[in-house]
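Each protein sequence line maps, in turn, to chains Z and X.
If you count by the numbering used here, then the first sequence holds residues 881 to 1108, one letter each, in order.
If you count by the numbering used here, then the second sequence holds residues 35 to 135, one letter each, in order.
Written out below as structure tokens is the structure these notes cover.
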Amino acid sequence: MLLNKTDLKNGIYSGIPIFIGYFPIAITFGLLAKSVNISFFESFCFSALVFAGASQFVSINMYHAGIGAGEIILTVFLLNFRHFLMSATISSKSSFKKILIPIISFGITDETFAVAALKEGGISGSYIIGLNFTSYSGWVIGTVIGYIAGDFLPHVIQSSFSICIYALFVAILIPAVRKSFTAGFIAVAAGAANSMLGYFSLFSSGWNIIISILLVSAAGMFIFNEDN
Amino acid sequence: MDVLIIIILMAVVTYLPRLIPMYFFNVGKIPAKLKLFFSFIPYAALGALILPGSINAINGKPIVSILGITCAAVIAWFNSNIIITVFLTIAAVYLMLLTGL
């Protein structure tokens, strides 16, 4: 069997918080796309093919500002390059059947990565496919609904949902920090590094994240040994 | 350039960095030190994703954002169910926004 049913189910279930987090953001994206006169079909393709939150917002803003296609595409590439690290990390934790790699890797986002990488025990390809499926559905369905009916949502509800993704990150991180001082130390160091890089704004925010992750993980490799 | 073509090119440059590493990094083939490095990446990534972005989670309302994230941290400390943490945090933020914070 190519897929393991139990793992797939567990993955689909683990994706529910991401679905909840993505849905309102995707609604906002659908609304925004409509407001800059991108067609319904194009907006659908946008979320269905790119599937990368922040960069989609950035690119729509750039497009609306009349910035050229080359610059938009380069920016999206730089913003999303951090997924390279995440994909490498996921595959260093688990090995998949080669044939599944194109499907598994398509759904690697900050959120699916965070859930999968901190899952207790091993991660199987089936688990990640389930996890990505739920998350992807939230993103695509949200975009479609936002485009068609987004205006109906009261503003205060839309605003309260903007905390979702961060609540999700915190909810994943804190239980790990409770168990391991090292995890907390690494996370705080990376947050501080990223804040400092952002303050000096030498690079784009995508690169700030990449640099912070690499610097802090590399430093951790020298400070701590394998038993931590 | 046509919007659809830009979208497809964006999809390609987003997909390749997700796809390529999976063919090169496989469990078992990695030296112990590098494995340790990879084991830190999730925590470092979460830290960098939370800070400083979360401070402006709710546009123009840093105090509500910070209080919201603090709520999430406290709730997550006492229960490890992600869905419960996310929902309680949304409810807390909703109440804060209703009171006009």
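We put the CB at the ideal spot given by N, CA and C, even for glycine.
Counting contacts by CB-CB distance shorter than 8 angstroms, is Phe1049(Z) in contact with chain X? yes
According to DSSP, simplified to helix, strand and coil, what is Glu1000(Z)? coil
In this structure, how does DSSP classify Gly1086(Z) when only helix, strand and coil are distinguished? helix
On a CA-only basis, which of Gly895(Z), Ser923(Z) and Leu1095(Z) is nearest Ala906(Z)? Give me that one, please. Ser923(Z)
How many angstroms separate the CA atom of Ile896(Z) from the CA atom of Phe931(Z)? 17 angstroms
Does DSSP classify Met1101(Z) as helix, strand or coil? helix
Evaluate Asp1031(Z) with the Cβ neighbour count: other Cβ atoms within 10 Å of its Cβ, from every protein chain shown; 16 or more gives buried, anything less gives exposed. exposed
So which residues on chain Z does Leu135(X) lean against when the C-beta distance must stay under 9 angstroms? Chain Z residues near Leu135(X): none, gap ~11 angstroms exceeds 9 angstroms.
Would Lys978(Z) be called buried (16 or more neighbouring beta carbons within 10 Å of its own) or exposed? exposed
Check the Cβ-Cβ distances between Ile41(X) and every residue of chain Z, and say whether any is below 8 angstroms. yes
Here's a check: name, in chain order, each residue in its chain whose Cβ is nearer than 8 angstroms to the Cβ of Leu965(Z), leaving out the five neighbours to either side. Ile1090, Ile1093 and Leu1094
Interfacial residues, the stretch 100-111 of chain X to chain Z, with Cβ spacing under 7 angstroms: Gly102, Ile103, Ala106, Ala107, Ala110 and Trp111
Measure the alpha-carbon distance for Trp1019(Z) versus Gly933(Z) and round it to whole angstroms. 8 angstroms
Per-residue burial, Pro982(Z) [other beta carbons within 10 Å of its own, 16 or more giving buried]: exposed
Alpha helix (DSSP H) containing Asn1012(Z): first to last residue? Gly1005 to Ala1029
Beta-carbon contacts of Phe961(Z) that lie in its chain and below 7 angstroms, excluding the five residues immediately before and after: Gly1086 and Ile1090
Applying a beta-carbon distance threshold of less than 9 angstroms, which residues of chain X neighbour Phe986(Z)? Tyr49, Arg52 and Leu53
Name, please, each residue of chain Z whose Cβ falls closer than 9 angstroms to the Cβ of Pro96(X). Within chain Z, no residue comes near Pro96(X); the closest Cβ sits about 12 angstroms away, beyond 9 angstroms.
May I have the straight-line CA-CA distance separating Val127(X) from Lys95(X), to the nearest angstrom? 11 angstroms
On the three-pair Cβ rule with 8 angstroms, is the stretch 1053-1061 of chain Z touching the stretch 946-963 of chain Z? no
Out of Leu882(Z), Phe926(Z) and Asn917(Z), which has the shortest C-alpha to C-alpha gap to Thr48(X)? Phe926(Z)
So if I threshold CB-CB distances at 9 angstroms, which residues from the stretch 69-84 of chain X count as touching chain Z? Lys69, Leu70, Phe71, Phe72, Ser73, Phe74, Ile75, Pro76, Tyr77, Ala78, Ala79, Leu80, Gly81, Ala82, Leu83 and Ile84
Closest to Gly901(Z) by C-alpha separation, out of Thr133(X), Thr104(X), Leu122(X) and Pro76(X), would be which residue? Leu122(X)
Taking Pro65(X) as the query, report the chain Z residues whose CB atoms sit under 8 angstroms from its CB, ordered along the chain. Here the premise fails: no neighbours, minimum Cβ distance about 11 angstroms.
What are the uninterrupted segments assigned as alpha helix (DSSP H) that are 4 or more residues long and contained completely in the stretch 928-971 of chain Z, given in chain order? 933-944 and 949-960
Rounded distance between the beta-carbons of Ile40(X) and Ser839(Z), thought under 8 angstroms: Residue 839(Z) is absent from the structure shown; chain Z starts at 881 and stops at 1108.
Taking the straight line between their C-alpha atoms, what separation do you get for Val98(X) and Met130(X)? 7 angstroms
Could you tell me the alpha carbon to alpha carbon distance between Ala1073(Z) and Ile54(X), rounded to whole angstroms? 27 angstroms
What in chain X is Cβ-close to Val1020(Z), meaning under 7 angstroms? Under the 7 angstroms cutoff, chain X gives no residues; its nearest Cβ is about 13 angstroms from Val1020(Z).
Where the alpha helix (DSSP H) containing Phe59(X) begins and where it ends: Taken as a continuous stretch (DSSP letters only), Phe59(X) belongs to no alpha helix (DSSP H), as it is neither H nor E.
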